[in-house]
Amino acid sequence: EASTAATRDKVGEAVGVSGKTYEKARTVVEAAEADPEAFEEVVREMDRTGKIDPAYRRVKRTLERLADLQSLAEQVTPEVVAAPDVPEWQVANGDSLAELRRITTPARLVFADPPYNEAIDYGSGFDDDRDPAEYVAWTRDWVESAARVLTPDGSLWVPISDPYAAEHVLAVKAAGLTIRNWVIWYETFGVNAPTKFNRTKRHLLYAVKDPSRYCFHPEAVSRPSDRQAKYDDPRANPAGKTLDDVWTDIPRLAGTHAERIPSFPTQLPVSLLRRVVSCCTDPGDLVIDPFCGSGTTGAAAVGLGRRFLGVERSAEFADLARLRLKGVRREA
């Protein structure tokens with residue numbers, strides 16, 4: 059009874075005052091984990107009385123995300139091994155550029171899905187809409203810092219949309235990296251644009267620190283060739299053919315997809331990250347994502363036996379990414 063009363067007090071304090079922030083929501087989450095039965099009773103009472111203020115709405119959204127993440131974690135890697143074999147991972151809450159400058163451990167791979175400067179609301183009051191010149195200067199800064207933390211045979215991958223793709227190419231080259239591929243990811247559908255062609259692709263810039271020495275595993279990104287699949291030609295290479303630089307087999311995540319986490323505006327499919335991680339790293343390597351978001355890079359890296367360091371400026375998203383990664387296990 060004492061525990062139940064304490065939980066009720068925490069919930070009431072957190073959601074009883076309009077306009078409280080995510081820190082209050084986190085208080086409710088802690089209370090829910092400590093005493094779920096009491097928490098559910100409080101929620102039912104609030105629904106019954108209609109006392110749903112802005113703080114409570116935020117709490118409710120947070121809890122829905124937590125439930126979705128717990129469900130998603132079970133889907134990411136269906137075949138798992140014992141928990142002690144899970145690689146080390148960390149998600150830091152902070153400014154991406156500042157955290158990159160502090161990193162001293164070299165990474166085999168940096169996968170960076172940066173803000174695209176297209177006025178996208180990334181949550182927690184951060185609106186991605188900078189002056190173009192400021193955005194380009196910031197891009198050059200973080201790319202240079204990302205290049206610095208790479209191992210001599212490491213690689214940088216950057217997904218980016220049309221408006222600033224060219225500027226990112228220049229930033230990558232200015233940082234001393236060599237672009238090996240400019241992959242086009244066909245996302246299979248886009249928003250209708252009646253005055254121009256619909257945008258249904260994203261650029262994936264693949265660059266390396268040393269063009270004569272880099273980690274790349276073609277067997278991880280191979281498929282049966284047409285000679286094998288269509289013509290059963292005995293001359294075909296049994297190992298198959300390395301993927302082309304236009305990827306059409308991975309759709310973007312729609313709101314109805316099981317993998318989709320509500321309220322993450324730019325979530326990438328984990329299959330996309332598994333492809334990148336598997337071809338450019340070895341088990342045990344460190345993978346860094348300076349714009350961690352929902353933790354998809356980490357989910358792919360940890361599931362494939364790599365170590366992971368993510369940076370996320372939103373405290374809310376950083377917490378949810380950590381929860382997601384807690385449920386990921388290394389594949390057998």
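Count along the sequence shown starting at 1, add 58, and that's the number in the numbering used here. Glycine included, each C-beta is placed from N, C-alpha and C at the ideal position.
Can you say whether TYR289 is buried or exposed, counting buried as having 16 or more other CB atoms within 10 angstroms of its CB? exposed
Leaving out five residues on either side along the sequence, give the residues of the same chain with a beta carbon under 8 Å from the beta carbon of VAL139. For VAL139, the predicted model reports a pLDDT of 31, less than 50, meaning its position is unreliable and no value from the coordinates is stated.
Contact between the segment 357–371 and the segment 338–346 is defined here as three or more beta-carbon pairs at a separation below 8 Å; is this criterion met? yes
Can you name the start and end residues of the beta strand (DSSP E) that GLY361 belongs to? Here GLY361 belongs to no beta strand (DSSP E); instead the alpha helix (DSSP H) covers 354–361.
Within 10 angstroms of its Cβ, does SER154 collect 16 or more other Cβ (buried), or is it exposed? buried
Reducing DSSP to helix, strand and coil, say where GLU389 ends up. coil
Leaving aside the five residues before and after ASP143 along the sequence, list all residues of the same chain whose C-beta is less than 6 Å from its C-beta, in chain order. Confidence in ASP143 is poor, its pLDDT being 40 and thus under 50, which makes the residue's placement too unreliable to answer from.
DSSP on TYR222, reduced to helix/strand/coil? helix
At a Cβ threshold of 9 Å, is THR246 touching chain B? The question asks about chain B, but that chain is absent: this structure has only one protein chain.
Would you mind sorting SER76 into buried or exposed? The rule is 16 or more other CB atoms within 10 Å of its CB. Only weak support exists for where SER76 lies, its pLDDT of 35 falling under 50; the value from the coordinates is given anyway. Exposed: under 16 other Cβ atoms inside 10 Å.
Give me, in chain order, the residues of the same chain whose beta-carbon lies closer than 7 Å to that of THR236; leave out the 5 immediate sequence neighbours on both sides. ALA265, VAL266 and PRO269
Quick check: the segment 200–207 against the segment 241–249, are there 3 or more CB pairs under 8 Å? no
Using only alpha-carbon positions, find the residue among GLY356, TRP196 and ARG260 that is nearest to ALA233. TRP196
Return helix, strand or coil for PRO252, following the three-state DSSP convention. coil
Rounded separation between GLU137 and ALA357 - CA only: Its pLDDT being 34, under 50, GLU137 is placed unreliably by the model, and the measurement read from it follows with that caveat. C-alpha separation (whole angstroms): 14 Å.
Evaluate PRO292 with the Cβ neighbour count: other Cβ atoms within 10 Å of its Cβ, from every protein chain shown; 16 or more gives buried, anything less gives exposed. exposed
Go ahead and label HIS315 buried or exposed: buried means 16 or more other beta carbons lie within 10 angstroms of its beta carbon, across all protein chains shown. exposed
Assigned secondary structure, TYR193 (DSSP; H/G/I helix, E/B strand, else coil): helix
Secondary structure at ASP303, three-state DSSP: helix, strand or coil? coil
Below 9 Å between beta carbons: does that hold for ARG257 and ASP220? yes
Helix, strand or coil for THR79, going by three-state DSSP, please let me know. Because the pLDDT of THR79 is 47, which lies under 50, any placement of that residue in the model is unreliable, and the question is left without a value.
Beta-carbon within less than 6 Å of VAL194's beta-carbon, same chain only, minus the 5 sequence neighbours each way: which residues are those? GLU225
Could you work out which residue in GLN148, VAL216, ALA297 and GLN286 is closest to LEU262 when comparing CA atoms only? VAL216
Pairwise C-alpha distance: ARG310 and LEU301: 18 Å
Minimum C-alpha distance to LEU158 - residue among THR354, PRO348, ALA359 and LEU378: PRO348
Apart from the five residues on each side of it in sequence, which residues of its chain come closer than 7 Å, Cβ to Cβ, to PHE322? GLY351 and SER352
Exposed or buried, which one is ASN175 when buried takes at least 16 other CB atoms within 10 Å? buried
Would you grab the beta carbon distance between VAL149 and ALA376 for me? Rounded to a whole angstrom, and I think it's under 8 Å. 5 Å
For TRP445, count neighbouring Cβ atoms within 10 angstroms of its own Cβ and tell me buried if that reaches 16, exposed if not. The structure shown does not extend to residue 445, since the chain spans only 59 to 390, so no value can be given for it.
Select from ALA191, TYR222, ALA170 and ILE218 the residue whose C-alpha is nearest the C-alpha of GLU202. ALA170
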